[in-house]
Structure formats: structure tokens, C-alpha cells
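S.K.: Going letter by letter, the sequence shown gives residues -21 to -1, 1 to 262 in mature numbering (1 follows the signal peptide of the UniProt record, and there is no 0). This is the structure I want to talk about, given as C-alpha cells.
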Amino acid sequence: MARFTVNAFICSLLTYGFAQAQSSYSGSADGLTTVAASTATGTVATGSGTQTSFRAIFTVPASADQGANLLPTTQDPEAVDPQKVCPGYMASNVVRSEVGFSATLSLAGPACNVYGTDIETLNLTVAYQTAHRLAVNISPANITTSNMTQYILSDELVQQPNWGNDPTFSFTVLRKSNGDVLFDTRGTKLVFENQFIEFVSALPENYNLYGLGERIHGLRLGNNFTATTYAADVGDPIDLGIYGSHPFYLDTRYYEIDSHTGDMTYYSGNNSAANGSYTSMSH
């Protein structure tokens, strides 16, 4: 089982480690000839093995840049200006807390209903989450079945993660649709210090991870890849930190679909069946 390790230092330096046997695969699934180029203008090898100095470059048709001719309301002289005709809101029932305050917002006059239906009463919550981050939430005070899905997640969509204390605290996150384990710290230890944090999650075989930039590297991070996220302000080092620090990753997994039952099985191979049915999910 592969593992994904995150080391977070308070000095904003993150190190990621991916442990598993190295594997790679390349192929063409879109019907186009795969071309590997050594340089932008150098000799390339085509799928037939014949060398040529011509580099096949896909040309986007001009029609791809054509879209609907839309005029923003801020530039449309015939559009109604909400700031001139709408009443705004008045705050009442203001209650202060240790980290902020809450209030009720009510329409300060007749509804304008310019680009929709005005909500008569709103709930406002303002709270400091850290010394440098403020959270402001404005939502309708009256939530019914007609608008519930816009503001409240259904209990069917939100499940409590599994956790345990054997031998130490761990937790797992599952995808509800197929029970796939997305995040799993079982069998590892959480390290949480004032200048160092480490947690480890299991990864499937031949995993596909993307992100955790910024660096000059292939789109797929690959197996057995260790990266340090550090904004070094350096232009072009290979596999090292450059300008940005983006601690975000995307895990894409592929599944083979049983044509009879519809069940999905995790697929980690390189040779897919021509008549097989496959799908992918990312998190």
C-alpha cells in the first residue's frame, strides 16, 4: 500500500512524500498520433518510429473563440441599476459574541425584484476565525423545501468520517457512492508540534496525483516523488520550488465498470480492454 505523507512547518514550508514502486505509462486514447518532442524545434519520433523534423501541433479553429455577444449590465445603458431602485436592508437583533456578532437583516423598503425576488429577511453572522481571517455569512432567515438544497447540505450527502483510537487516533474518509477510501490515516501516527505537523494517508496502487505546485514537473507527479512546497522566487529549477506555494492536490482514480451489475472495480493497470467500460473519479 502506498502512502501520502505531509509535513507542514510553521515557516510555511511543506514537504510531500509519495512512496511506491515507480511506474509510468503513455498512450493515445483520442485517436491522434502521439508525438514525443526532445526540443521545440528538434527531431521528434512519431508513433511509427520514423524520425521527422515536423512537429504536429493541434490548431484550434477560429470558431472556438466565438461566443455569445453579451453586454454586462454595468455597461448597458438600458439596464436597471439596483443601487438606485432597491431599498437595501436594515440590521436588528444584533448580538455580539467573543469572536464577532450576528444580526437580522430586513428589507428597508418595498422590494425592487430587479433581477429576481428579494429575500425579505436575512441572517448575518460575522466571526473572526484567526487574527487575519474574517468569515462573513449572509443567508435567508426562512429556508424551506424550495430553497433548502441551496443553503443546507442533506444528511444523505454528509456522513460522519470513521475514526478510531487503536493504537492511536486515526480517521478515514469514504466516497459514499462506491465506498472507496479517499483518506486513511490508520496505522500511522499524527504528529502535531508548535513548528511541525505530520500526517500520513494510504494511497492505492499506481495512484495518480496532481498539483502541489509550483514547480517545473510533469502534470502527473508520479510515484516515489518527494516535493517541498517553498516559494523560492527562482525562475526555472527542475523539480524544485519556484514562485508560488499551493498546498492543493487532486487524486484521480480509474474504475472498470461491470457491464452486468454496474459495479465499479478500482483499475490500476496500463492495458485496458478495447471493449471494456471505464470511468474516473477525482477528489
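Cβ atoms here follow ideal geometry from the backbone N, Cα and C, with glycine treated the same way. All values derive from a computational prediction rather than experimental measurement.
Could you name the residues of the same chain whose beta carbon sits closer than 7 Å to that of residue 88, not counting the 5 residues immediately before and after it, in chain order?
M.R.: 66
S.K.: Could you check whether the stretch 230 to 245 touches the stretch 165 to 174, counting it as contact only if at least three pairs of C-beta atoms, one from each stretch, sit closer than 8 Å?
M.R.: no
S.K.: Go through the stretch 203 to 250 residue by residue and report every complete run of the alpha helix (DSSP H) that reaches 4 residues or more, in order.
M.R.: none
S.K.: Exposed or buried, what is residue 209 when buried is set at 16 or more other beta-carbons lying within 10 Å of its beta-carbon?
M.R.: buried
S.K.: Do three or more CB pairs link the stretch 76 to 85 to the stretch 99 to 119 at distances below 8 Å?
M.R.: yes
S.K.: Let me know the beta strand (DSSP E) ranges lying completely inside the stretch 116 to 187, each 3 residues or longer, listed in chain order.
M.R.: 141 to 143, 149 to 153, 160 to 163, 175 to 182
S.K.: Using only CA atoms, which one of 158, 69, 162, 40 lies nearest to residue 228?
M.R.: 162
S.K.: Per DSSP, which residues does residue 195 bridge with? Please list them.
M.R.: 217
S.K.: Counting pairs of Cβ atoms below 8 Å between the stretch 215 to 229 and the stretch 186 to 195, do you hit three or more?
M.R.: Touching, per the Cβ criterion.
S.K.: Mind pulling the beta strand (DSSP E) runs of 3 or more residues that sit fully within the stretch 36 to 80?
M.R.: If we require 3 residues or more, the beta strand (DSSP E) runs fully inside the stretch 36 to 80 come out as 68 to 75.
S.K.: How should residue 206 be labelled, buried or exposed, when 16 other C-beta atoms within 10 angstroms of its C-beta is the threshold for buried?
M.R.: buried
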